[in-house]
Amino acid sequence: MVQAIKWVDEVVPAAPYVTTLETLDKYNCDFCVHGNDITLTVDGRDTYEEVKQAGRYRECKRTQGVSTTDLVGRMLLVTKA
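Under the working numbering, the first residue of the sequence shown carries the number 147, and numbering increases by one thereafter.
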């Protein structure tokens, strides 16, 4: 789905759970983009702490009434037809 967005150049499959500057640089990424839901490591740290501190994090706000799970489910139903 993400790779179909016109502003996306490349998608990194199986990206690590904790995003580091090393990962961004390895794939020549300008930014890490994530929703505004909180994600933490097992020790309670923000998984995007490093990239946020470096100014290379962008956040997408949640849209009321829009569910990714619902969208994926609807897409799967269409592909099964």
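By construction, the Cβ of each residue, glycine as well, lies at the ideal position given by its N, Cα and C atoms. Here the structure is a predicted model, which is why all the values come from computation and not from measurement.
{"Check": "By the 10 Å Cβ neighbour count, where 16 or more other Cβ atoms means buried, how is CYS178 classified, buried or exposed?", "Outcome": "buried"}
{"Check": "Taking the alpha-carbon positions, what's the ASP192 to LEU186 distance?", "Outcome": "5 Å"}
{"Check": "Should GLU196 be labelled buried (16 or more other beta-carbon atoms within 10 Å of its own) or exposed?", "Outcome": "buried"}
{"Check": "For LEU217, does the count of other Cβ atoms within 10 angstroms reach 16, so buried, or fall short, so exposed?", "Outcome": "exposed"}
{"Check": "How close, in whole Å, do the beta carbons of ARG202 and LEU223 come, if the pair is a contact with beta carbons under 8 Å?", "Outcome": "Wrong, their Cβ atoms sit about 37 Å apart, outside the cutoff."}
{"Check": "May I have the straight-line CA-CA distance separating VAL164 from ASN182, to the nearest angstrom?", "Outcome": "16 Å"}
{"Check": "Checking 7 Å against the spacing of the C-beta atoms, do VAL148 and VAL157 come in under that value?", "Outcome": "yes"}
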